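Novice: Dropping a structure here in structure tokens format, bear with me for questions.
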Amino acid sequence: MKNMFLLMVKKSLTHSKNFLMFLTIFLSTALIACMLNITLNIGNKVANELRSYGSNIVMLPKSSSLNIEISGRNFMPLANEDYLNENDLHLIKEIFWQNNILAFAPFLEISGFINNEKVQITGTYFDKNIKLADDPTFKTGVINLYPFWFVNGLFPNDEKIDEIMVGEKLANRLKLNVGDNVVLNFGQNRENAKIVGILKGGDEASGKVIANLKLVQKLSNKENLYGKAEISAMTIPENDLSVKARRNLDSLDSLEYDTWYCSAYAGSIAYQIEDSVPGSIAKVVLSVSGVQSEITKKIQNLMSIVTILALIISALCITSLTNGEILIRKKEIGLLKALGAKNIFIFLEFCCKNVIIGIISGIFGALFGYLLSFVIGYKLFADFIGVSFTAFVLSVIFGILICILGSILALKNILNLLPAEVFHGK
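Going letter by letter, the sequence shown gives residues 1 to 426 in UniProt numbering.
In structure tokens form, the structure reads like this:
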């Protein structure tokens, strides 16, 4: 009986309708693999795209959180009297999620003068080497933090204290050009500097002087101090757990806390930074992390709907093809029943044949789906998205499920087929 069953399955694989079945499952699994691979990798790609908006975490002195509300207005009495220690900056890159920290830069702002004209002067890193224990060649600064910044000329060298750049609006207002020598004043302190670049593309910084952090520290007598640090971190989209933690961390039970802490949410990374850097408070820039979550969820929901529709439509197509094959082979089925074959035996023969086709076409379809996802990813992000082995496995499983579901839906015709009706008048 076993040999007969295998022989029937082998013979049924040569049926003419099997090519249409192969093509149906091939196209459906290709679509499913494409959608799944994009869905599973879209978070990182969206996060990379949103880096053009700048930082998604800001670190401030702890006193900045001491807000007093009077008549609907917020006052921060200690905001300008406390600073962070530059020597602790490396700790940002030594947290549990250190590999997710893409870039950061400290900022120290003062209100000074350039050639006796009052301006905002900001000190920061441009492309400074931060000697870390695990990565002594790591460099960070506004060049990496703000990839959309464009400079006419050069970015100042972090090793040269007298090099500065000015925003385009300020340069136009004061008629400043690359190569000009200027004098910076703050109180009784003055420093000579040279303009090496004109900043274009930084809306907020367009009216400021951007200088080496050491220069601004020297002008303001705040050696090794800075006012805030902006951090760009690779994060995963927000969900109910991260929102719950942001509202009240104490409301999490031990399992929820461990899950939240060991997941790359913007909030958990900010929490670890705050815990690592003395005297600091780290806050998530919700406008950036919120956009990432919203875009990612919408794309993932769309992909899920398309995948489910592909599964249903493909199963109906397989049902139609199986019903057609049952009608063509009705004499064979009637003869099997007349010889004593059970309905389950006949059903399993159809189902096994369909599953074999589903596995083969599912594998080829999944591989083709990967290729489609690479093309779509390159069109959307100008870069190839990653390969998710999970998408491959799920696509093949979906191909098998399509075949099984299609076979089950066609079972009614097998049950209703009677030998007497098939051979009536023969």
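The C-beta atom is built at its ideal place from N, Cα and C for all residues, glycine as well.
Predicted model, so just to flag it, every value in this text is computed and none were measured.
Taking the alpha-carbon of Phe104 as reference, which of Gln188, Glu86, Ile121, Asn221 has the nearest alpha-carbon?
Specialist: Glu86
Novice: Quick check on this structure: which residue in Ile404, Glu117, Asp250 has the alpha carbon closest to the alpha carbon of Glu349?
Specialist: When only C-alpha atoms are compared, the closest one is Ile404.
Novice: Report buried or exposed for Cys262, applying the criterion of at least 16 other Cβ atoms within 10 angstroms of its Cβ.
Specialist: Counting other Cβ atoms within 10 Å of its Cβ, Cys262 stays below 16 and is therefore classed as exposed.
Novice: Quick check: what's the CA-CA separation for Glu69 versus Pro278?
Specialist: Note that Glu69 scores a pLDDT of 42, beneath 50, so its modelled location is shaky and nothing firm can be said.
Novice: Out of Ile195, Asn323, Ile402, state which residue places its alpha-carbon closest to the alpha-carbon of Ile313.
Specialist: Ile402
Novice: With 16 other CB atoms within 10 Å as the buried threshold, where does Ala133 fall?
Specialist: exposed
Novice: Leaving out five residues before and five after Asp127 in sequence, what residues of the same chain have Cβ atoms less than 6 Å from its Cβ?
Specialist: Lys139, Gly141, Ile143
Novice: Taking only the alpha-carbon atoms, compute the straight-line gap between Asn37 and Phe22 and give it to the nearest angstrom.
Specialist: 22 Å
Novice: What residue does the alpha helix (DSSP H) around Gln120 start on, and which one ends it?
Specialist: Careful: Gln120 lies outside any alpha helix (DSSP H), inside the beta strand (DSSP E) at 117-124.
Novice: Apart from the five residues on each side of it in sequence, which residues of its chain come closer than 6 Å, Cβ to Cβ, to Ala264?
Specialist: Trp97, Asn100, Thr235, Ile236
Novice: Identify every residue that forms a DSSP beta bridge with Lys228.
Specialist: Phe107
Novice: Sorted by chain position, which residues of the same chain lie with C-beta nearer than 8 Å to residue 428's C-beta, five sequence neighbours on each side aside?
Specialist: Here the chain comprises residues numbered 1 to 426, so residue 428 is not present and cannot be evaluated.
Novice: Using beta-carbon positions only, say whether Lys175 and Pro61 come within less than 9 Å of one another.
Specialist: No, the Cβ-Cβ distance between Lys175 and Pro61 is not below 9 Å.
Novice: Is Arg329 helix, strand or coil by DSSP?
Specialist: Residue state, collapsed to three classes: coil.
Novice: According to the Cβ coordinates, are Ser232 and Asn354 closer than 9 Å?
Specialist: no
Novice: Enumerate in chain order the residues of its own chain whose CB-to-CB distance from Asp82 is below 8 Å, with the five nearest sequence positions on each side excluded.
Specialist: Pro61, Lys62, Ser63, Ser64, Gly279
Novice: On the DSSP letters alone, give me the boundaries of the beta strand (DSSP E) that Asn181 sits inside.
Specialist: Taken as a continuous stretch (DSSP letters only), the beta strand (DSSP E) holding Asn181 covers 181-186.
Novice: Would you kindly check if the distance between the Cβ of Phe392 and the Cβ of Ala366 is under 9 Å?
Specialist: yes
Novice: Using three-state DSSP, classify Asn248 as helix, strand or coil.
Specialist: coil
Novice: Could you tell me the distance, in whole angstroms, from the CA atom of Ile210 to the CA atom of Ile198?
Specialist: 10 Å
Novice: May I have the straight-line CA-CA distance separating Glu294 from Thr259, to the nearest angstrom?
Specialist: 21 Å
Novice: Could you tell me which of Asn221, Ala193, Ile161, Glu159 sits nearest to Gly187, measuring between CA atoms?
Specialist: Distances from the alpha-carbon of Gly187 to those of Asn221, Ala193, Ile161, Glu159 put Asn221 closest.
Novice: At what residue ranges does the region 257-290 contain a whole run of the alpha helix (DSSP H), taking only runs of 4 or more?
Specialist: Whole alpha helix (DSSP H) segments, 4+ residues: 266-276.
Novice: Can the beta-carbon of Met35 be found closer than 9 Å to that of Ala282?
Specialist: no
Novice: Quick check on the burial criterion: 16 or more other C-beta atoms within 10 angstroms. Buried or exposed for Ser173?
Specialist: At residue 173 the sequence reads Arg, which differs from the Ser that was named. The residue is exposed, with fewer than 16 neighbouring Cβ atoms inside 10 Å.
Novice: If you count every other CB in all the chains shown that lies within 10 Å of the CB of Pro156, and 16 or more means buried, which is it?
Specialist: Label assigned to Pro156: buried.
Novice: For residue 427, tell me which candidate among Leu215, Ser395, Cys317, Lys169 has the shortest Cα-Cα distance.
Specialist: Coverage of the chain is limited to positions 1 through 426, which leaves residue 427 absent and any answer about it impossible.
Novice: What are the start and end residues of the alpha helix (DSSP H) that includes Leu174?
Specialist: DSSP places Leu174 inside the alpha helix (DSSP H), whose first and last residues are 168-174.
Novice: Going by DSSP, what residue range makes up the beta strand (DSSP E) through Phe150?
Specialist: 150-153
Novice: For Leu78, does the count of other Cβ atoms within 10 angstroms reach 16, so buried, or fall short, so exposed?
Specialist: Reliability fails at Leu78, whose pLDDT of 49 lies under 50, so the model's placement of it is uncertain and no value is given.
Novice: Which residues bound the beta strand (DSSP E) around Lys93?
Specialist: Lys93 -> no beta strand (DSSP E), and no H or E assigned at all.
Novice: Need the endpoints of the beta strand (DSSP E) that Asn192 sits in, please.
Specialist: 189-200
Novice: Below 9 Å between beta carbons: does that hold for Ile42 and His90?
Specialist: Contact flag unset, no.
Novice: Indicate whether Gly207 and Gln120 have their beta-carbon atoms separated by less than 9 Å.
Specialist: yes
Novice: Which residue from Asp240, Asp275, Gly369, Ile356 puts its Cα closest to that of Ile92?
Specialist: Comparing Cα-Cα distances from Ile92 to each of Asp240, Asp275, Gly369, Ile356, the minimum goes to Asp275.
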